[in-house]
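Enquirer:
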Amino acid sequence: MDLDAALAVLAEEGAPNYRADQVRQAVSRDFIDSWDEASTLPKGLRTALEERAPIHELVLEEEQRAKDGTVKARFSTSDGFPAEAVLMRSKDRYTVCLSSQSGCALKCAFCATGTMGLGRSLTKGEIYEQLLWAARTARKSDARIRNVVMMGMGEPLQNLDNVLGFCHLANDPDGFGLGARSIAISTAGWLPGIDALIEEPMQVKLAISLHAPDDVLRTELMPVNKRYPIAELMKTLKRYRTATRRRVYVEYLLLDQVNDRVEQAERLADLLHEHLPGGHHVNLIWYNPTGSGLNASAPERVERFQAILEKRRIPFTLRRSKGSDIDAACGQLAVKGAAAAARAAKRAERETA
Ligand code: SAH
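Using our numbering, read the sequence shown as starting at 228 and increasing by one per residue.
1) Taking only the alpha-carbon atoms, compute the straight-line gap between Pro281 and Phe337 and give it to the nearest angstrom.
2) Grab the span of the beta strand (DSSP E) containing Phe302 for me, first residue to last.
3) For the structure I just gave you, are there three or more beta carbon pairs, one from the segment 519-539 and one from the segment 347-365, closer than 8 Å?
4) I'd like to confirm something about Leu268: is its beta-carbon nearer than 8 Å to some heavy atom of the ligand SAH, or not?
5) Please tell me whether Ile372 and Thr322 are closer than 9 Å, where the distance is taken between their beta carbons.
6) Going by C-alpha distance, which of Asp248, His438, Ala496 and Leu521 is nearest Gly506?
7) Please tell me whether, using a cut-off of 8 Å, the distance from the CB of Gly381 to the nearest non-hydrogen atom of the ligand SAH is below it.
8) In chain order, what residues of the same chain have a beta carbon less than 6 Å from the beta carbon of Ser255, not counting five sequence neighbours either side?
9) Out of Thr517, Leu503, Arg366 and Asn515, which one is the CA nearest neighbour of Pro542?
10) Sorted by chain position, which residues of the same chain lie with C-beta nearer than 7 Å to Ala439's C-beta, five sequence neighbours on each side aside?
11) Pairing CB atoms from the segment 427-436 with CB atoms from the segment 271-287, are three or more of them under 8 Å?
12) Is Asn515 near the ligand SAH, in the sense that its beta carbon is under 8 Å from a heavy atom of that ligand?
13) Who does Gln291 pair with in a DSSP beta bridge?
14) Excluding the 5 residues flanking Val250 on each side, which residues of the same chain have their C-beta closer than 8 Å to its C-beta?
15) Pull up the distance between the alpha-carbon of Thr463 and that of Val475, whole angstroms please.
16) If you follow the alpha helix (DSSP H) that Asn644 is part of, which residue opens it and which one closes it?
17) Taking Phe302 and Ala310 to be in contact with their CB atoms under 8 Å, please state how far apart those CB atoms are, rounded to whole angstroms.
18) Would you decide whether Ala385 is buried or exposed? Buried here means 16 or more other CB atoms lie within 10 Å of its CB.
19) Straight-line CA distance for Met461 to Val477?
20) I need the straight-line Cα distance from Ala365 to Leu481, nearest angstrom please.
21) Do Leu314 and Gln328 have their beta-carbon atoms positioned less than 9 Å apart in this structure?
22) Are Lys351 and Asn398 closer than 9 Å when you measure CB to CB?
23) Straight-line CA distance for His508 to Thr544?
24) Could you name the residues of the same chain whose beta carbon sits closer than 6 Å to that of Ala362, not counting the 5 residues immediately before and after it, in chain order?
25) Alpha carbon to alpha carbon, what distance is there between Leu498 and Leu287?
26) Classify Gly330 as buried or exposed, calling it buried when 16 or more other Cβ atoms lie within 10 Å of its own Cβ.
27) In the segment 326-379, which residue ranges form an unbroken beta strand (DSSP E) of at least 3 residues, counting only runs that do not cross its ends?
28) Per DSSP, what kind of secondary structure is Ile259 in: helix, strand or coil?
29) Using only the alpha-carbon positions, how far apart do His500 and Thr274 sit?
30) Can you pull the DSSP bridge partners for Ile535?
31) Under the three-state reduction of DSSP, which class applies to Arg546: helix, strand or coil?
32) Any heavy atom of the ligand SAH inside 8 Å of the beta-carbon of Phe532?
33) How many angstroms separate the CA atom of Tyr467 from the CA atom of Ser436?
34) Within 10 angstroms of the Cβ of Glu530, are there 16 or more other Cβ atoms? Answer buried if so, exposed if not.
35) Hey, which unbroken runs of the alpha helix (DSSP H) at 4 residues or more fall wholly within the segment 408-493?
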């Protein structure tokens with residue numbers, strides 16, 4: 228649902244100004260399921276909106292519920308690309324994890340989404356619609372969305388215009404009203420995007436998926452590191468920190484015998500103290516199996532890693548992901564073969580046209 232498109236329809240139809248507030252209210256506060264439910268609007272306007280700014284651009288293909296209450300939605304775009312969103316609850320807080328692209332081009336070794344390849348980037352409306360789904364679902368248990376993380380499928384900084392467009396829609400105080408600080412954008416280290424965020428006045432959070440403290444290992448795990456190695460990344464993050472004064476969240480997946488050694492914890496601490504002094508927070512992430520051949524660190528190795536960070540005075544949180552029994556956890560979002568199938572279908576369509 229592209230709210231900006233709906234507001235443009237109002238202008239085209241010559242609707243009076245107050246209609247804009249009614250539309251914002253209906254879409255972003257009442258979470259209407261179709262324009263017919265927007266009873267404050269005249270019928271003719273509802274029809275125009277239905278035709279030119281439909282509430283549902285995405286088709287909800289499937290909803291799965293995990294034992295811990297996590298809900299995963301699988302959508303498809305009107306041209307057949309899959310996208311997934313995950314709604315998570317901890318105590319009375321709801322967090323939703325959104326996809327910025329269908330599939331992903333970056334092919335990180337530990338992540339299932341990379342095996343799909345990139346289908347296409349999602350529009351801001353397609354991203355916003357995932358949030359509206361989450362808000363509707365949370366409402367059923369009288370809850371609201373507190374946090375949004377762009378940690379579903381895709382590399383958000385390779386789709387920055389749409390991701391920022393989405394953030395503006397979510398942040399609109401007359402609309403959804405989510406604080407900018409409640410939105411986190413997570414990147415594998417796409418530096419042009421970080422540079423662009425330096426110029427962005429909206430105070431969204433930035434998370435960087437680091438996962439290894441040296442170039443040899445990081446390139447092995449994350450091919451993007453070949454293009455943007457750690458030294459460049461750290462220089463860019465330092466510039467980001469200096470310009471915005473915002474904290475940088477560093478994601479570090481603990482992989483058994485791969486990146487969880489004592490020297491690696493020390494090296495991680497060195498990097499952060501050197502380049503982001505006082506401006507970092509590490510999220511240690513429990514690895515979710517994806518068939519990659521990698522394993523989650525043994526508990527005693529996790530403890531040792533944490534002990535070193537503690538000793539080095541690096542603030543950190545250990546995160547266990549949710550929803551792993553329905554493949555809804557970090558790195559498990561992949562619809563096998565679907566993106567390739569959708570591309571093939573499109574090609575076939577073009578050829579017969
Ligand atoms: N492309 C962006 C956002 C998507 S991934 C990025 O790389 O940050 C969101 C987070 O999930 C990242 O920190 C990613 O590294 C992590 N992740 C990927 N695969 C995982 C897995 N199998 N288990 C746990 N976390 C994983």
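Glycine residues also receive a C-beta, built at the ideal position from the N, C-alpha and C atoms.
Expert: On the basis of the data shown:
1) Taking the first residue of the sequence shown as 1, we reach residue 281 at position 54. Taking the first residue of the sequence shown as 1, we reach residue 337 at position 110. Distance between the alpha carbons of Pro281 and Phe337: 37 Å.
2) Mapped onto the sequence shown, residue 302 falls at position 75. First-last of the beta strand (DSSP E) with Phe302: Val298 to Ser303.
3) No: fewer than three Cβ pairs fall under 8 Å.
4) Here the question's residue 268 lines up with position 41 in the sequence shown. Flag unset: Cβ of Leu268 not near the ligand SAH.
5) In the sequence shown, counting from the first residue as 1, residue 372 sits at position 145. In the sequence shown, counting from the first residue as 1, residue 322 sits at position 95. It is a contact, given that the beta carbons lie within the stated cut-off.
6) Residue 506 sits at position 279 when you count from the first residue of the sequence shown. Proximity to Gly506 across Asp248, His438, Ala496 and Leu521 peaks at Ala496, based on C-alpha coordinates.
7) For the purposes of this step, residue 381 is taken as the residue at position 154 of the sequence shown. Checking every heavy atom of the ligand SAH against the Cβ of Gly381, one is found closer than 8 Å.
8) The count along the sequence shown starts at 1 and reaches residue 255 at position 28. Gly402 and Phe403.
9) If you number the sequence shown from 1, residue 542 lands on position 315. When only C-alpha atoms are compared, the closest one is Leu503.
10) As a first step, residue 439 must be located in the sequence shown, where it is residue number 212. Arg445, Leu448 and Asn486.
11) no
12) Numbered from its first residue, the sequence shown carries residue 515 at position 288. Asn515: yes, Cβ under 8 Å from the ligand SAH.
13) By 1-based counting over the sequence shown, the position of residue 291 is 64. Lys299, per the DSSP bridge assignment.
14) Locating residue 250 in the sequence shown gives position 23, where the first residue counts as 1. Counting only Cβ-Cβ distances below 8 Å, and skipping sequence neighbours, we find Leu230, Ala233, Leu234, Leu237, Ala265, Leu268 and Leu276.
15) Sequence index remark: in the sequence shown, residue 463 carries index 236 (1-based). Sequence index remark: in the sequence shown, residue 475 carries index 248 (1-based). Approximately 11 Å, taken between the alpha carbons.
16) The structure shown does not extend to residue 644, since the chain is modelled only from 228 to 580, so the question has no answer here.
17) Residue mapping note: residue 302 aligns to position 75 of the sequence shown, counting from 1. Residue mapping note: residue 310 aligns to position 83 of the sequence shown, counting from 1. A Cβ-Cβ separation of about 5 Å places Phe302 in contact with Ala310 under the 8 Å criterion.
18) Numbered from 1 along the sequence shown, position 158 holds the residue referred to as residue 385. Per the sequence presented here, residue 385 reads as Gln, with Ala not at that position. Label assigned to Gln385: buried.
19) Against the sequence shown, residue 461 aligns to sequence position 234. Against the sequence shown, residue 477 aligns to sequence position 250. Each residue's alpha carbon lies about 11 Å from the other.
20) On the sequence shown, position 138 is the one that residue 365 refers to. On the sequence shown, position 254 is the one that residue 481 refers to. Going by the C-alpha atoms only, they are around 31 Å apart.
21) Within the sequence shown, residue 328 is the residue found at index 101, counting from 1. Within the sequence shown, residue 314 is the residue found at index 87, counting from 1. No, the pair does not count as a contact, with Cβ atoms beyond the cut-off.
22) By one-based count along the sequence shown, residue 351 stands at place 124. By one-based count along the sequence shown, residue 398 stands at place 171. It is not a contact, given that the beta carbons lie outside the stated cut-off.
23) As a first step, residue 508 must be located in the sequence shown, where it is residue number 281. As a first step, residue 544 must be located in the sequence shown, where it is residue number 317. Near 8 Å, if we compare the C-alpha coordinates of Thr544 and His508.
24) Counted from its first residue, the sequence shown places residue 362 at position 135. Excluding positions up to five away in sequence, the list reads Phe258 and Ile372.
25) Residue numbering aside, residue 287 sits at position 60 when the sequence shown is read from its first letter. Residue numbering aside, residue 498 sits at position 271 when the sequence shown is read from its first letter. Looking at the two C-alpha atoms, the distance is approximately 43 Å.
26) Within the sequence shown, numbered from 1, the residue matching residue 330 stands at position 103. Buried is the call here.
27) Whole beta strand (DSSP E) segments, 3+ residues: 328-330, 345-348 and 372-377.
28) Residue 259 sits at position 32 when you count from the first residue of the sequence shown. Of the three classes helix, strand and coil, the one that applies to Ile259 here is coil, per DSSP.
29) Counting from one through the sequence shown, the residue named residue 500 turns up at place 273. Counting from one through the sequence shown, the residue named residue 274 turns up at place 47. Spanning the two alpha carbons is a distance of roughly 58 Å.
30) Position 308 of the sequence shown, counted from the start, is the residue given in the question as residue 535. Ile535 is not bridged to any residue.
31) Taking the first residue of the sequence shown as 1, we reach residue 546 at position 319. When DSSP states are grouped into helix, strand and coil, Arg546 belongs to the strand group.
32) Stepping through the sequence shown from its first residue, residue 532 is reached at position 305. No, since every heavy atom of the ligand SAH falls outside the 8 Å radius drawn around the Cβ of Phe532.
33) Here the question's residue 467 lines up with position 240 in the sequence shown. Here the question's residue 436 lines up with position 209 in the sequence shown. When rounded, the distance between both Cα atoms is 16 Å.
34) Residue mapping note: residue 530 aligns to position 303 of the sequence shown, counting from 1. Around the Cβ of Glu530, a 10 Å sphere holds fewer than 16 other Cβ atoms; the residue is exposed.
35) 418-425, 442-448, 451-454 and 457-471
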